Amino acid sequence: MSGWGQIKRFYNEAAAVESDGACRIELDGKPVKTPTGADLIVEQRKLAEAMADEWAAQGEEVAPLSMPLCRLVATAIDRVGSKRQEVEEITLKFAETDLLCYWADNPPELIARHQEQWRPLLDWASDELGASLDVTAGISPILQPVAALDALRESIEKLDNLRLIAVSSIAAATGSLVLAFALERGRITAEQTFRIAVVDEHFQMEQWGEDWEAKERHERILSDIEESSRLLKLIG
């Protein structure tokens, strides 16, 4: 299967099969291909088994959107494998406008939440990653120190392809590379990552009531974070 659109199920069994020190996914004994035609193969047995489970769990139709692990791994193989530098640059861009660096200038209650929830992670990024990012009040863009961005670039470059796609996905979901690295390194959980990322919206909901569009958006954000977090756990 090389194209990953929604199609009718055409196989009975899905399995993780060892191959040259790694594990590939097979459907009725035939290897699964990524959208570009590469073998869907990983080094981690637990990850491969979880990916095979996603295929096995499909009903009468195969729905790629219901297979987050396979989609993330396929993206790492197809995109990061061939365009790693581009993915690294896209990932680093999230630090230039990192959510945690844009605090409210009022009301005091929201500023206090930023201080309580965001400041510790900015301090952690400085200590753990060597990236001391500047903070501003309001939404006017600021330029981050070159040294901080260089430190984050170095951390990005050390990631293998699977970790890179997970970190990049978390940063995209939250608007924060700091949050992505904090989750990747075990500083915070997936649930904490979500709560910290939507602190502004939660504050507004407390004041004005829940908004269904915001609720749907939050569900997507949490889902993206949890999917990438699961990938990180299976990588080990």
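First residue of the sequence shown: 806, per our numbering; consecutive thereafter. Here a beta-carbon is modelled for each residue, glycine too, at the ideal position from N, C-alpha and C. These figures come from a predicted structure and were not determined experimentally.
Taking the C-beta atoms as reference points, L927 is found nearer than 8 Å to L938. Beta-bridge partners of V822 (DSSP): R829. Here the region 941–954 does not lie against the region 1018–1026, with fewer than 3 beta-carbon pairs under 8 Å apart. In the three-state DSSP reduction, A909 falls in the coil class, being neither helix nor strand.
Of all alpha-carbon atoms in K898, E891 and Q811, the one lying nearest the alpha-carbon of Q949 is that of K898. Remark: C-beta atoms of V1004 and Q890 do not approach each other more closely than 8 Å. Here the alpha carbon of R958 sits roughly 28 Å from the alpha carbon of T839. Within its own chain, the residues whose Cβ lies closer than 8 Å to the Cβ of E866, once the five positions on either side in sequence are excluded, are Q811, I812, K813 and R814, listed in chain order. For secondary structure counted as the beta strand (DSSP E) over 3 or more consecutive residues, the region 817–903 holds these complete runs in sequence order: 819–824 and 827–832. Distance from S824 to I846 at the Cβ level is roughly 7 Å; contact confirmed, criterion being Cβ atoms closer than 8 Å. Looking at E893, T841 and L1039, the one whose alpha-carbon comes closest to that of D883 is T841.
When beta bridges are read from the DSSP output, K813 appears opposite E866. The C-beta distance from I975 to I1030 rounds to 6 Å, short enough to meet the 8 Å contact threshold.
Using a 10 angstroms sphere on the CB of A953, the tally of other CB atoms reaches 16 or more, which defines it as buried. The C-alpha of A917 lies about 46 Å from the C-alpha of W860. In the DSSP assignment, V1003 falls outside any alpha helix (DSSP H), carrying neither H nor E.
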